[in-house]
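Novice:
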Amino acid sequence: MPHAIAELLYLVAAVCFIIGIKQLSSPATAVNGNRISAVGMLLAIVVTLLDRSIVSYGVIFAGLVVGTALGLWMARAVRMTAMPQMVALLNGLGGGASLLVGGAEFLKSALLGAPLAIDTAVTIQLSLLIGAVTFTGSLVAYAKLQELISGRPIVFPGLKSVNAVLLLAIIALGAWQVIHPGSVTWPLYAVAALSLILGVLVVMPIGGADMPVVISLLNSYSGLAAAMTGFVIRNDVLIISGALVGSSGIILSQIMCKAMNRSLANVLFGAFGSAGGVVAGRSSEGLTARQVSAEDAAIQLAYARLVIVVPGYGLAVAQAQHLVRELADLIEKRGGEVKYAIHPVAGRMPGHMNVLLAEANVPYDKLYDMEQVNGEFERADVALVVGANDVVNPAARTDPASPIYGMPILNADHAKSVIVLKRGMGSGFAGIENDLFYNPRTAMLFGDAKASLTTLVSEIKNVS
Amino acid sequence: MLDTLILGIVIFTLATFLGVALINRVPPTLHTPLMSGANAVSGITVVGAIIVAGAGNGWISVVLGFVAVVFAMINVVGGYAVTDRMLQMFKRKPEAR
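Chains as they are written, first to last, in our numbering: chain A, 1 to 464; chain B, 1 to 97.
Here is the structure:
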């Protein structure tokens with residue numbers, strides 16, 4: 001295939017990716033958009049197979065088949081609650097591929113004795129660094145989310161200095177390699193090894209609650225890694241796709257940070273939650289939370305005209321999203337209206353809670369963002385808080401001493417009454433007391449979310 | 001040589017702005033599929049992996065290339081397939097009621 005035609009077909013592939021993302025602007029067109037994007041990818045692969053000076057196809061096809069089989073198996077087997085781990089793992093594999101391609105390109109030039117052009121040499125080093133950090137960083141994020149290792153921040157004294165020294169060493173070795181483009185290859189392996197270690201150390205100190213930001217950021221890195229590989233092999237479709245993914249990850253990281261009222265730097269270096277909740281705001285001493293029986297809660301819900309459900313990650317942990325939908329159906333059958341108020345950090349990654357509820361057949365037009373729904377709480381007869389805590393803590397609005405002060409929250413406390421389903425009086429991720437639980441209009445229904453919801457469902461059926 | 005580098009930087013910059021414009025229009029409810037779908041797109045590294053694996057530049061390149069093809073392909077296929085699975089769940093809602 002002539003080079004010019006191949007280039008134009010690569011451009012078509014890039015356009016497919018762009019259309020794919022564009023069609024994600026509405027749930028109605030999104031499925032189609034994703035498929036257009038996939039067709040673009042297939043086109044890019046086919047063009048590559050036909051165009052380049054490829055001498056052996058056996059290894060390539062073996063790789064394509066193995067990768068396809070594993071990818072399909074993962075996509076089928078994964079549970080929706082485990083989606084953050086899945087995305088972390090996929091990010092990591094993308095970064096790993098960039099690392100390997102960068103390394104192989106360098107070794108090729110060393111083998112052929114053809115010194116690299118300076119720009120290629122530089123982008124190879126960047127490809128190694130970003131690819132390796134994405135690879136191991138994502139694997140650590142995966143292990144934390146999968147609870148293979150503790151989700152708590154793992155910090156040791158001097159960690160930041162170690163990271164700074166590592167980064168400087170990588171830059172120095174990379175620069176040396178660029179200036180001396182000979183047949184010496186050990187600095188290449190050193191850069192790769194140190195970058196792999198750096199990836200581990202960068203994600204280790206970040207706590208489980210901050211994973212939405214980390215996954216978004218690693219997503220961005222995997223895009224950057226692809227773009228760097230594009231510079232190395234001089235292929236525009238890689239550069240375009242990498243830039244698209246890079247900007248997507250950055251935007252999502254920003255949205256997540258804003259939702260937690262924290263800066264990116266604070267998330268990456270702050271080790272939030274490691275302080276053991278020493279800085280808790282007001283103490284709860286002398287305050288008592290009012291408990292409610294499932295029967296009474298069911299009666300309240302049965303006669304409510306508007307119920308706003310506030311789901312938190314506790315709901316997903318308890319796998320109770322289907323029961324919430326069942327409860328909502330019963331309320332709607334009685335003439336009430338049910339809306340779902342979704343905080344941006346309700347799940348473990350951006351939009352995670354929406355996926356979990358969609359899986360439970362909740363129509364997406366009943367899912368409301370924070371901005372859309374916050375004005376409606378005043379009209380709501382009941383705010384039903386299921387497994388959420390910090391995202392409904394009014395201290396974020398009222399108590400400047402609270403660590404979450406300034407974080408945008410769902411105004412559940414504005415509802416005429418609040419029912420909180422909760423395991424016990426424990427504090428949330430931020431380790432802070434929640435004033436909402438002591439509000440006179442709030443009633444607590446203690447117990448496992450799944451058990452409580454099951455009782456509510458059967459009780460509401462008994463309400464005549 | 002420098003020209004292609006500059007051109008690459010121009011393309012990268014423009015594509016970044018395009019990405020920002022497009023992604024700001026994606027509603028929060030679709031942010032997870034957006035991430036997994038974008039993830040699949042970043043698997044475009046498979047193009048580089050194929051070139052490396054097939055160029056026949058010694059066994060190290062072939063091994064690195066093979067592993068890179070497998071990694072990138074899991075990224076591509078897993079990403080698109082799981083995105084499709086999620087988007088189907090969003091799609092089937094309106095007519096179900």
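We put the beta carbon where it would ideally sit given N, CA and C, even for glycine. The structure displayed is predicted, hence computed values, not measured ones.
1) Identify which residue in V191/A, S161/A and K160/A has its Cα closest to the Cα of A175/A.
2) Per DSSP, what kind of secondary structure is A360/A in: helix, strand or coil?
3) Which partner residues does V309/A have in the DSSP bridge list?
4) Given this structure, state the Cα-to-Cα distance separating N32/A from N24/B, to the nearest angstrom.
5) Alpha carbon to alpha carbon, how far is P153/A from G273/A? Give it in angstroms, no decimals.
6) For the candidate residues P27/A, G58/A and I19/A, whose alpha-carbon lies nearest to that of V39/A?
7) I'd like to confirm something about G65/B: is its beta-carbon nearer than 7 angstroms to some heavy atom of the ligand ZN, or not?
8) Below 9 angstroms on C-beta distance, what does D84/B contact in chain A?
9) State the DSSP-derived secondary structure class of M425/A, mapped to helix, strand or coil.
10) For M260/A versus P350/A, is the C-beta distance shorter than 8 angstroms?
11) If we call anything under 8 angstroms between Cβ atoms a contact, is L218/A one with G137/A?
12) For a cutoff of 8 angstroms on Cβ pairs, would you count E433/A as touching chain B?
13) Check whether the Cβ atoms of G225/A and A15/B lie closer than 8 angstroms to each other.
14) Give me the Cα-Cα distance between N411/A and L116/A, rounded to the nearest whole angstrom.
15) Please determine, among V463/A, S402/A, F231/A and A451/A, the residue with the shortest C-alpha to C-alpha distance to L2/B.
16) Name, please, each residue of chain B whose Cβ falls closer than 8 angstroms to the Cβ of I239/A.
17) To which residues of the same chain is N361/A closer than 7 angstroms at the C-beta, ignoring the five residues directly before and after it?
18) State yes or no: is the C-beta of G100/B within less than 8 angstroms of the C-beta of G131/A?
19) List the residues of chain B that M83/A touches, going by C-beta distances under 8 angstroms, in chain order.
20) Quick check on K22/A: buried or exposed, where buried means 16 or more other Cβ atoms within 10 Å of its Cβ?
21) How close, in whole Å, do the beta carbons of L445/A and D413/A come, if the pair is a contact with beta carbons under 8 angstroms?
22) Once you ignore the five residues that flank N462/A on each side, which residues in its own chain have a CB closer than 6 angstroms to its CB?
23) Please report the straight-line C-alpha distance between V140/A and I149/A, rounded to a whole angstrom.
24) Does the segment 7-22 of chain B come close enough to the segment 205-218 of chain A to have 3 or more Cβ pairs within less than 8 angstroms?
25) Starting from A110/A, trace the alpha helix (DSSP H) both ways and give me its first and last residue.
26) In chain B, which residues lie less than 7 angstroms from L64/A when you measure between Cβ atoms?
27) Who are the neighbours of E326/A on chain B, taking C-beta pairs under 8 angstroms?
28) Determine the extent of the beta strand (DSSP E) in which A412/A is found, giving its start and end residues.
Specialist: Let me lay it out:
1) Here residue 175/A refers to the residue found at position 175 of the first sequence. When only C-alpha atoms are compared, the closest one is V191/A.
2) Along the first sequence, read from residue 1 onward, the residue named residue 360/A stands at position 360. A360/A: coil per DSSP, three-state reduction.
3) Numbered from its first residue, the first sequence carries residue 309/A at position 309. In DSSP, V309/A forms a bridge with Y340/A and L384/A.
4) The sequence position of residue 32/A within the first sequence is 32, counting from 1. The sequence position of residue 24/B within the second sequence is 24, counting from 1. Going by the C-alpha atoms only, they are around 19 angstroms apart.
5) Stepping through the first sequence from its first residue, residue 273/A is reached at position 273. Stepping through the first sequence from its first residue, residue 153/A is reached at position 153. With a pLDDT of only 45 at G273/A, under the threshold of 50, the placement of this residue in the model should not be trusted; the figure read from the coordinates follows. Cα to Cα, G273/A sits roughly 8 angstroms from P153/A.
6) For the purposes of this step, residue 39/A is taken as the residue at position 39 of the first sequence. Residue I19/A is the option with its Cα nearest to V39/A.
7) Questions concerning the ligand ZN fall outside what the structure shown contains, since it holds no ligand whatsoever.
8) Within the second sequence, the letter at position 84 stands for residue 84/B. The answer, in chain order, is V31, N34, R35, A38 and A75.
9) Numbered from its first residue, the first sequence carries residue 425/A at position 425. M425/A falls in the coil class under three-state DSSP.
10) Within the first sequence, numbered from 1, the residue matching residue 260/A stands at position 260. Within the first sequence, numbered from 1, the residue matching residue 350/A stands at position 350. In this structure, P350/A does not lie closer than 8 angstroms to M260/A by Cβ.
11) Working through the first sequence from its first residue, we reach residue 218/A at position 218. Working through the first sequence from its first residue, we reach residue 137/A at position 137. Against a cut-off of 8 angstroms, the Cβ pair of G137/A and L218/A comes out as a contact.
12) Position 433 of the first sequence holds residue 433/A. So, not an interface residue.
13) Along the first sequence, read from residue 1 onward, the residue named residue 225/A stands at position 225. Along the second sequence, read from residue 1 onward, the residue named residue 15/B stands at position 15. Reading the sequence as shown, one finds Ala at residue 225/A and not Gly. No, Cβ-Cβ distance for A225/A and A15/B is not below 8 angstroms.
14) Taking the first residue of the first sequence as 1, we reach residue 411/A at position 411. Taking the first residue of the first sequence as 1, we reach residue 116/A at position 116. Taking the straight line from one Cα to the other gives about 59 angstroms.
15) To locate residue 2/B, count along the second sequence from 1; it is residue 2. Out of V463/A, S402/A, F231/A and A451/A, F231/A has the C-alpha closest to the C-alpha of L2/B.
16) Mapped onto the first sequence, residue 239/A falls at position 239. G8, I11, F12 and A15, listed in chain order.
17) Sequence index remark: in the first sequence, residue 361/A carries index 361 (1-based). Excluding residues within five positions, the ones whose Cβ falls inside 7 angstroms are R325.
18) Because residue 100/B is not part of the residues shown, which for chain B are 1 to 97, the question remains open.
19) Indexing the first sequence from 1 puts residue 83/A at position 83. Residues of chain B passing the Cβ test: T32, S36, V82 and M86.
20) The sequence position of residue 22/A within the first sequence is 22, counting from 1. With 16 or more other Cβ atoms within 10 Å, it is buried.
21) If you number the first sequence from 1, residue 445/A lands on position 445. If you number the first sequence from 1, residue 413/A lands on position 413. So it is not a contact: roughly 17 angstroms between Cβ atoms.
22) Walking along the first sequence from the start, residue 462/A turns up at place 462. Correct list: empty, nothing qualifies.
23) Here residue 140/A is taken as the residue at index 140 of the first sequence, counted from 1. Here residue 149/A is taken as the residue at index 149 of the first sequence, counted from 1. Distance between the alpha carbons of V140/A and I149/A: 8 angstroms.
24) no
25) Counting from 1 along the first sequence, the entry for residue 110/A is found at position 110. Segment M83 to L112, the alpha helix (DSSP H) holding A110/A.
26) Here residue 64/A refers to the residue found at position 64 of the first sequence. Within 7 angstroms Cβ-Cβ: V69 and M73.
27) The residue you call residue 326/A lines up with position 326 of the first sequence. None at all; the shortest Cβ gap to chain B is about 15 angstroms.
28) As a first step, residue 412/A must be located in the first sequence, where it is residue number 412. Premise fails: A412/A is in no beta strand (DSSP E) and is neither H nor E.
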